[in-house]
Amino acid sequence: MTEIQQRYLDMLAQLRGKGVTLVPVSKLKPVSDLQELYDVGCRIFGENYVQELTEKHEQMPKDIEWHLLGHLQRNKVKYIAPFVSLIHSVDSPRLLQEIDKQAAKNNRIIDCLLQLFIAEEDSKTGMDAEELPEILLLLPELPNVRVRGLMGIGTFTDDISVTMREFQQLKRIYDEIRQTQVNWDVLSMGMSGDWQLAVEKGSSMVRVGTSIFGVRV
Ligand SMILES: *Cc1c(COP(=O)(O)O)cnc(C)c1O
């Protein structure tokens, strides 16, 4: 058993029975690290960059669910549309329209999450809650995307009360919209530093990189 495998299996054990999907985030890590997890049963990986994602998809076995977490440019959607399982980072109506178009070309329906801006820092991307109604109204015209919920990144801080408030807010918005959406079943929140808190506050999907693979250089 390698350290990466051990940390992954420990985390899985901590999440057992909680109804939470663990997405190991393997950005900037070599495929040999991903293969270690694959060998102990992992079939989901999250990546941030389109080119890295397509390269790893080519190199790894074909029964893996690939998630895109990072900001996605519209002109790059075509490269991942043939195989991507879940796009966490939809942040505009025009991006969702492009995903629908490329999904149709590939005879696919692509699952997506809408990324909401919840953090205090300026650097984090995502939509404001006020922008949600507009994008939700578009959905009937976009048969090749299936929007399944929300994703958010909490503020990177030692002040747990800040992150807690952000997660509670995201969960509240998620629950509200869920009443009106049939495919709504994923709330993606929580990373290495705050996944326990996120699970406590109702996350159904955590994205964990550093705590499994070690620090990125
Ligand atoms: C990199 C990244 C993660 C994983 O971050 P860690 O702190 O290493 O767990 C999760 N979500 C998103 C959107 C990321 O970009």
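So the sequence shown is numbered by my numbering: it starts at 55 and just counts up by one.
Where is the CB? At the ideal position from N, CA and C, for every residue including glycine.
Taking only three categories from DSSP, how would you classify Phe221?
helix
Which ranges does the alpha helix (DSSP H) cover as unbroken runs of at least 4 residues, wholly within the region 126-171, from first to last along the chain?
131-134 and 147-159
If the criterion is Cβ atoms closer than 8 Å, does the pair Arg97 and Ile118 meet it?
yes
Given 8 Å, three or more beta-carbon pairs between the region 137-153 and the region 162-180:
yes
Within the region 83-129, ranges of the alpha helix (DSSP H) (whole runs, at least 4 residues):
85-93 and 104-113
For Val240 and Ile58, what's the separation of their Cα atoms in angstroms?
26 Å
According to DSSP, is Met55 part of a helix, a strand, or is it coil?
coil
For ligand 1, any of its heavy atoms closer than 7 Å to the Cβ of Gly256?
no
Should Thr217 go down as buried or exposed, given a rule of 16 or more other Cβ atoms within 10 Å for buried?
buried
Using CA coordinates, which residue listed in Gly73, Leu122 and Asp87 is at the minimum distance from Met205?
Leu122
Apart from the five residues on each side of it in sequence, which residues of its chain come closer than 7 Å, Cβ to Cβ, to Lys132?
Gln156
Within its chain, find whatever has a CB closer than 7 Å to the CB of Ala173; leave out the 5 residues flanking it on each side and keep chain order.
Ile207, Gly208, Thr209 and Glu220
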